[in-house]
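**Q** Take this structure, written in structure tokens, and hold onto it; I'll ask about it next.
In this note's numbering, the protein residues as written are 1 to 534.
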């Protein structure tokens, strides 16, 4: 430290400062040196030496040393917190990320913590999050080289992979970068790691964006072996994309709103809401059980309660002696303008930051009622970062509520049924079982449920005036499209069935004809005119 300070003509020992912080961070990034009393003792001895050095007494050297030891202690304290939360994967990653963020201006320190996070995600089986950590590291290196005029693209090249990439723009072009030895070769290594990580995460569509960055380097080097391997990977990635689109069997995650209540237990987390991204088809009961066990171990099982009601929590009604965790299933939300652009399941699961859940209610105070009185609240939550992210959970930063009246609920439900049928029918390989299940629900002739219950409640002349002409017109139009979708679905089902299902199909067809007949009478028009089934 002293030598570096003298070398800079007694201005700073930034180089040594950074080298020490990087070394300490690398040592403890795996929660290895937690609570080391000898380490703390060493820092005190260093401070004492600096303060008792007579030659340095009138300089800024003692305060610089004090600043360094204070920063090291901050890292050690954060690591002690990590040890405390080592069985809580979400909190542990939050703490690691807070360290990564605190070193945003110093590339090598940020890289150290992002790498540590990636390893933690891999250990937990969170492959998309690990891939995002590696993408952020590669972007950090690319941005560094771009600023040094050593690489044509910086952060902008990673924008299509993740909207969160601007976080890597915080590095400072000062002497803090002097000990960073990033090169084109280092970037290539990180980009190759990204390709592998994105493949494991089944995010095949993103591999092409990484390939665009690394192919020109391979070409410049005449590295035909690596070019051949990368093009083969791209070929297999595109085949995989076609395969998962056809099968619909790629599951990129399930989302839940998780809120914490109980100041005595959660402290600064009290009242906070997060969106959790869980693997594959995680069910509500599965994540609830996981969180119940996690916090039960932390606070005592008798003190932890799960709230599965999605309504707003009245904290005055909660027992202050208990820790409450509210868990609600949510879906990615797209408005009417965005929805048509999200054509594939991948597009519906990538770079998303809005989520929706609905709560049914009636004006009489009951949760459920007949179709004429059934209302629902639609709550749209916005997160501070998009998914997938370098963390599994992201805090909710915005909330918007929409109240749907009974006719709006009918419009919403009929739109959803029509869209589901249309999607099933347009698949390259139609899932006959799913098609028949949907058809059965659609052409049902139940009196108080199903599509016809909405038609009777809102399109009948005696009742339609209550709902407003505009809403009635919209619902009529949706019913026309719904009948058309049912007709197409029945036509496809007829082509797919074998002899043993002929009678079953005739039953569906008969129900459909009855439904169409009744609908025609209600809306005073023949809705079957353009359809194949007469």
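Virtual Cβ for every residue (Gly too), placed ideally from N, Cα, C. All of these numbers come straight from a predicted model, not from anything done at the bench.
Alpha carbon to alpha carbon, what distance is there between residue 497 and residue 514?
**A** So the alpha carbons of these two residues sit roughly 22 Å apart.
**Q** Give the single residue among 251, 371, 21, 377 whose Cα lies nearest to the Cα of residue 202.
**A** Considering only alpha carbons, the answer is 251.
**Q** Only counting the same chain, and skipping five residues up and downstream in sequence, which positions put a Cβ closer than 8 Å to that of residue 481?
**A** Only 418 meet the Cβ criterion.
**Q** If you draw a straight line from the C-alpha of residue 522 to the C-alpha of residue 331, how long is it?
**A** Roughly 35 Å between the two C-alpha positions.
**Q** Here's the rule I'm using: 16 or more other beta-carbon atoms within 10 Å means buried, otherwise exposed. How should residue 23 be labelled?
**A** Label assigned to residue 23: exposed.
**Q** Count the other CB atoms, across all protein chains shown, that sit within 10 Å of the CB of residue 143; report buried if there are 16 or more and exposed otherwise.
**A** Under this definition residue 143 is a buried residue.
**Q** Quickly, what does DSSP pair residue 315 with across the bridge? List them, please.
**A** The partner list for residue 315 (beta bridge, DSSP) is empty, contrary to what the question assumes.
**Q** Quick one: what does DSSP say residue 527 is sitting in, helix, strand or coil?
**A** Coil, per DSSP.
**Q** Do residue 315 and residue 281 come within 8 Å of each other at the CB atom, strictly closer than that value?
**A** No, the Cβ-Cβ distance between residue 281 and residue 315 is not below 8 Å.
**Q** How about residue 145 and residue 192: do their beta carbons lie closer than 8 Å?
**A** Cβ distance not < 8 Å, so residue 145 and residue 192 don't count as in contact.
**Q** Any idea what DSSP makes of residue 398, helix, strand or coil?
**A** In this structure, residue 398 counts as strand in the three-state DSSP scheme.
**Q** Between the alpha carbons of residue 108 and residue 121, how many angstroms are there, rounded?
**A** So the alpha carbons of these two residues sit roughly 20 Å apart.
**Q** Could you compute how far the alpha carbon of residue 381 sits from the alpha carbon of residue 354?
**A** The straight-line gap from Cα to Cα measures roughly 6 Å.
**Q** Is the segment 152 to 172 in contact with the segment 223 to 233, if contact means three or more CB pairs nearer than 8 Å?
**A** Touching, no, given that fewer than three Cβ pairs across the two stretches are closer than 8 Å.
**Q** Start and end of the beta strand (DSSP E) containing residue 354?
**A** First-last of the beta strand (DSSP E) with residue 354: 352 to 362.
**Q** Please list the terminal residues of the continuous alpha helix (DSSP H) segment that includes residue 107.
**A** Per DSSP, residue 107 belongs to the alpha helix (DSSP H) from 107 to 124.
**Q** If the criterion is Cβ atoms closer than 8 Å, does the pair residue 133 and residue 118 meet it?
**A** In contact: residue 133 and residue 118 (Cβ atoms closer than 8 Å).
**Q** Between the segment 356 to 369 and the segment 437 to 446, are three or more C-beta pairs nearer than 8 Å?
**A** No: the two stretches stay apart, fewer than three of their Cβ pairs being nearer than 8 Å.
**Q** Considering only their Cβ atoms, is the gap separating residue 327 from residue 352 smaller than 8 Å?
**A** No, the Cβ-Cβ distance between residue 352 and residue 327 is not below 8 Å.
**Q** Under the DSSP definition of a beta bridge, which residues are partnered with residue 332?
**A** Answer by DSSP bridge pairing, in chain order: 355.
**Q** Alpha carbon to alpha carbon, how far is residue 303 from residue 292? Give it in angstroms, no decimals.
**A** C-alpha separation (whole angstroms): 10 Å.
**Q** Would you kindly report the start and end of the unbroken beta strand (DSSP E) that includes residue 384?
**A** That run of the beta strand (DSSP E) goes 374 to 387.
**Q** In this structure, how does DSSP classify residue 278 when only helix, strand and coil are distinguished?
**A** Strand.
**Q** How about residue 516 and residue 483: do their beta carbons lie closer than 8 Å?
**A** Taking 8 Å as the Cβ cut-off, residue 516 and residue 483 qualify as a contacting pair.
**Q** Are the CB atoms of residue 114 and residue 85 within a distance shorter than 8 Å?
**A** No, they are not a contact pair.
**Q** CB-CB under 8 Å to residue 153, same chain, minus the five flanking residues each way: which ones, in chain order?
**A** Contacts found: 142, 146, 213.
**Q** Secondary structure at residue 255, three-state DSSP: helix, strand or coil?
**A** Here residue 255 sits in strand by DSSP.
**Q** Please identify the residue among 130, 308, 236, 295 whose C-alpha is closest to the C-alpha of residue 322.
**A** Cα-wise, what sits closest to residue 322 is 295.
**Q** Which stretch, first to last residue, makes up the alpha helix (DSSP H) that contains residue 137?
**A** Note, residue 137: alpha helix (DSSP H), 127 to 147.
**Q** For a test of the three-state rule: what should DSSP assign to residue 201, helix, strand or coil?
**A** It is coil, neither helix nor strand.
**Q** Which residues mark the beginning and the end of the alpha helix (DSSP H) in which residue 305 is found?
**A** It is not in any alpha helix (DSSP H) - residue 305 instead sits in the beta strand (DSSP E) that spans 304 to 307.
**Q** Give the C-beta separation of residue 485 and residue 422 to the nearest angstrom, bearing in mind that I take them to be a contact with Cβ-Cβ under 8 Å.
**A** Going by Cβ atoms, the distance from residue 485 to residue 422 rounds to 5 Å, so yes, they are a contact pair.
**Q** How should residue 414 be labelled, buried or exposed, when 16 other C-beta atoms within 10 angstroms of its C-beta is the threshold for buried?
**A** Classification for residue 414: buried.
**Q** Exposed or buried, residue 110, counting other C-beta atoms within 10 Å across all chains shown (16 or more means buried)?
**A** Buried is the call here.
**Q** So, for residue 476: in the same chain, excluding its five sequence neighbours on each side, which residues have a beta-carbon less than 7 Å away from its beta-carbon?
**A** Once the five neighbours on either side are set aside, the close Cβ partners of residue 476 are 459, 523.
**Q** Looking only at C-alpha atoms, which of 410, 21, 172 sits nearest to residue 69?
**A** Checked all of 410, 21, 172; the closest Cα to residue 69 is 21.
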